[in-house]
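Once you know that position 116 of the sequence shown is 117 in our numbering, the rest is easy, because the numbers rise by one and skip nothing.
Ideal Cβ placement from N, Cα and C applies to all residues, glycine included.
Structure, as structure tokens:
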Amino acid sequence: MFEPIRFMLNDREISATLSPGTVMLDFLRKHQRLVGTKIGCREGDCGACTVLVGEPEDGGAMRYQSMTSCIMPLANAHGKHIVTIEGLNVRDLTPYQQAMVDEAGTQCGFCTVGFVVSFAGYCLAQGKATQEDAIAAIDGNICRCTGYKSIERAAEKVVALLQERPAQAGEALSWLAEHQFLPAYFPSVPQRLAALRDDLTALTQPEETVVVGGGTDLFVQKPEHMAQQRRLTLVFDRSHGEQIYRDGDKVVIRSSATAEDMRSSPLMNQLFPQMRRYMKLVSSTPIRNMGTVAGNLVNASPIGDLTCFLMANQTEVVLKGENGVRVVPLRSFYKGYKTLDRLPGEVVQELRFNAPSGKVLFNFEKVSKRTHLDIASVNSALRLQLDGDRITRADCSAGGVGPTPMYLDAVTAVLEGQTLSSELITRAAEAAAGQAQPISDARGEHFYKRLLLRQLIYGHFAILTPELVNLEAAR
Ligand SMILES: Cc1cc2nc3c(=O)[nH]c(=O)nc-3n(C[C@H](O)[C@H](O)[C@H](O)COP(=O)(O)OP(=O)(O)OC[C@H]3O[C@@H](n4cnc5c(N)ncnc54)[C@H](O)[C@@H]3O)c2cc1C
Ligand code: FES
Ligand code: FES
Numbered sequence: 002m003f004e005p006i007r008f009m010l011n012d013r014e015i016s017a018t019l020s021p022g023t024v025m026l027d028f029l030r031k032h033q034r035l036v037g038t039k040i041g042c043r044e045g046d047c048g049a050c051t052v053l054v055g056e057p058e059d060g061g062a063m064r065y066q067s068m069t070s071c072i073m074p075l076a077n078a079h080g081k082h083i084v085t086i087e088g089l090n091v092r093d094l095t096p097y098q099q100a101m102v103d104e105a106g107t108q109c110g111f112c113t114v115g116f117v118v119s120f121a122g123y124c125l126a127q128g129k130a131t132q133e134d135a136i137a138a139i140d141g142n143i144c145r146c147t148g149y150k151s152i153e154r155a156a157e158k159v160v161a162l163l164q165e166r167p168a169q170a171g172e173a174l175s176w177l178a179e180h181q182f183l184p185a186y187f188p189s190v191p192q193r194l195a196a197l198r199d200d201l202t203a204l205t206q207p208e209e210t211v212v213v214g215g216g217t218d219l220f221v222q223k224p225e226h227m228a229q230q231r232r233l234t235l236v237f238d239r240s241h242g243e244q245i246y247r248d249g250d251k252v253v254i255r256s257s258a259t260a261e262d263m264r265s266s267p268l269m270n271q272l273f274p275q276m277r278r279y280m281k282l283v284s285s286t287p288i289r290n291m292g293t294v295a296g297n298l299v300n301a302s303p304i305g306d307l308t309c310f311l312m313a314n315q316t317e318v319v320l321k322g323e324n325g326v327r328v329v330p331l332r333s334f335y336k337g338y339k340t341l342d343r344l345p346g347e348v349v350q351e352l353r354f355n356a357p358s359g360k361v362l363f364n365f366e367k368v369s370k371r372t373h374l375d376i377a378s379v380n381s382a383l384r385l386q387l388d389g390d391r392i393t394r395a396d397c398s399a400g401g402v403g404p405t406p407m408y409l410d411a412v413t414a415v416l417e418g419q420t421l422s423s424e425l426i427t428r429a430a431e432a433a434a435g436q437a438q439p440i441s442d443a444r445g446e447h448f449y450k451r452l453l454l455r456q457l458i459y460g461h462f463a464i465l466t467p468e469l470v471n472l473e474a475a476r
């Protein structure tokens, strides 16, 4: 017998006694007969299966995020509000559905449900509505027949309509319901969900079972295996307040923090002013809403973007197991391809790194076959601590150039203790290329990736100290 997984589905309360690894998409279509949510790629890539997941933030207001139900474990819905296309029905068409009709934003209609749900999520988001954010809200939805220009025009209409939406969350919800953006039951959800959560028992956290964050890796790699799990160790419980916070000199990232938390964290944006630019290169909005930072590290992909970012920031991995807590520097966490310094049963509790202070230069770069929504061919991050022009500490990481994410000691050896100069940058770039051990695969030949890493080192300095980059040497 499975433990009941309890949540709100549209206007109803659900208690599901199914495997916690059942994917939400199957639950909706097969068990609830809610077939408006479509099955496309089943790998989180196309957005046909998009649903909204709402949970209360500190202060009680609801936060809704778009997620791909095809790789979402049912257990991660415990205590949340799941909204499908059926749960958005109003008397006629909603204004964002009407905008899609008016602008000819749909042809075969297969993708349209996903776009409409993502637009609904956008209408529920707080802050001033802008065209840029509206487009970002649908960046996980793929359409293969209409063409995006008409959908972008629909987005423009939605943005214009939202200019009247009140800023305060509770008022905004009522306004959206009054103006037929949402059905009438929506404003009652915060109260109803709070009552459900008060009565909720946390799902058991057994030891030595599969640990699941957002499931964006596990449910793509081994969906059948996950569906058969009787128990899971869930780390996606986000009810403990701030996901990323400062503790003295340290920045702490909880195990439940997502890539979206990294992107939108005021602290991360203050410390890394280019944070939003870096994160735009990482997956899509729904995947960032689900995928955890810890999951990115533990899945041990040699091209994990968050891993690369954090390795150059001297991050420590805090692991908790039956023998207590261990702290492992991220740079020595990887022992070989997909092999970690992690004992059986150990769970990543948090990640922490020293907040940049004094004169620090940092940059992250990623090159993939497509600029957006693609995994890296090669990525790299560089962090320099300076005393005047002298480098007192240098940390450089790279992905896609070896069997694991790599810490580039060779770059540290060249840079530390030296004064920044064109010649030094050239030596650092050559040292990085020298340490790389790429293999040839679908993402490029080994010599191309080695060259790419060399160029990314120049790229870091082109951003950080452009006046010092010798373009002739970089050719
Ligand atoms: C469409 C799509 C696009 C993607 N694009 C990118 C991209 O651009 N860049 C990128 O880097 N990645 C990308 N990914 C990969 C993935 O989304 C990320 O690696 C994500 O951060 C994984 O986190 P998760 O919580 O979903 O992991 P999960 O699937 O939940 O878990 C991954 C692994 O980590 C383990 N694990 C999770 N949390 C813990 C913990 N706290 N303690 C111990 N073990 C744990 C799990 O047991 C599992 O082995 C993409 C994935 C998809 C589906
Ligand atoms: S079916 Fe394609 S993202 Fe879920
Ligand atoms: S309308 Fe056919 S795939 Fe978008």
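Could you check which residue in the options has the C-alpha nearest to that of residue i?
i, options, result
"GLU479", "ALA173, TYR123, ILE143, PRO184", "The displayed coordinates of the chain run from 2 to 476. Any statement about residue 479 would go beyond what the structure contains."
"SER284", "LYS150, GLU473, THR85, SER369", "SER369"
"GLY359", "VAL294, LEU387, GLY346, THR18", "LEU387"
"ILE458", "ILE426, VAL91, SER422, PHE3", "ILE426"
"ASP250", "PHE354, ILE288, GLU172", "PHE354"
"ASN77", "GLU4, PRO96, GLN230, ASP238", "ASP238"
"PRO267", "ILE245, GLU4, THR286, THR259", "ILE245"
"ILE86", "SER70, ALA203, HIS79, LEU75", "SER70"
"GLU153", "PRO167, ILE136, CYS144, ALA161", "ILE136"
"LYS129", "GLN169, ALA155, GLY110", "GLN169"
"GLU209", "THR420, GLN230, TRP176, LEU272", "GLN230"
"HIS226", "PRO21, SER175, LEU454", "PRO21"
"SER423", "GLY403, THR393, LYS450, THR466", "THR466"
"PRO404", "ASP218, ASP200, PHE334", "PHE334"
"LEU311", "SER381, ASN300, PHE187", "SER381"
"ILE376", "GLY37, MET280, LEU53", "MET280"
Any heavy atom of ligand 1 within a distance shorter than 8 Å of the CB on residue i?
i, result
"ASP200", "no"
"ASP262", "no"
"SER151", "no"
"GLN230", "no"
"GLN350", "yes"
Can you tell me whether residue i sits near ligand 3, meaning its C-beta is under 8 Å from at least one heavy atom of the ligand?
i, result
"GLN108", "yes"
"ARG64", "no"
"PHE120", "no"
"CYS112", "yes"
Please state the DSSP three-state secondary structure of residue i.
i, result
"ASP306", "helix"
"ASN290", "helix"
"CYS124", "helix"
"PHE3", "coil"
"LEU204", "coil"
"SER333", "helix"
"THR512", "The chain is shown from 2 up to 476; residue 512 falls before or after that span and cannot be answered."
"PHE365", "strand"
"VAL159", "helix"
"MET73", "coil"
"VAL328", "strand"
"ASN142", "coil"
Quick one: residues in its chain with C-beta nearer than 7 Å to the C-beta of residue i, no 5 flanking neighbours on either side, listed in chain order?
i, result
"VAL221", "GLU44, GLY45, ILE72"
"GLN98", "VAL117"
"ASN529", "Past the boundaries of the shown model lies residue 529; the chain is included only from 2 to 476, so the question cannot be answered."
"THR147", "GLY106, THR107, GLN108"
"LEU344", "GLY322"
Between residue i and ligand 2, is there a pair consisting of the residue's CB and a ligand heavy atom that are separated by less than 8 Å?
i, result
"LYS31", "no"
"CYS146", "no"
"GLU44", "yes"
"ALA196", "no"
Can you say whether residue i is buried or exposed, counting buried as having 16 or more other CB atoms within 10 angstroms of its CB?
i, result
"ASP410", "exposed"
"MET63", "buried"
"ALA364", "Checking the sequence, you will find Asn at residue 364 rather than Ala. By the 10 Å Cβ count, ASN364 comes out buried."
"GLN456", "buried"
"MET68", "buried"
"ASN314", "buried"
"ARG7", "buried"
"HIS373", "exposed"
"ASN324", "exposed"
"PRO439", "buried"
"SER510", "Nothing about residue 510 can be read from this structure; the chain reaches only from 2 to 476."
Got a sec? Which residues, its chain only, sit under 6 Å from residue i by beta carbon, not counting five neighbours each side?
i, result
"ALA395", "LEU385, THR413, LEU416, GLU417"
"GLU261", "ARG289, ASN290"
"ARG327", "LEU320"
"TYR186", "ASP12"
"TYR65", "LEU53, GLY55, GLY122, LEU125"
Can you list, in chain order, the residues of its chain whose CB lies under 8 Å from that of residue i, leaving out five sequence neighbours each side?
i, result
"LEU307", "ALA260, MET263, VAL283, VAL294, ASN297, LEU298"
"GLU317", "VAL328, VAL329, PRO330, LEU331, LEU352, ARG353, PHE354"
"LYS150", "none"
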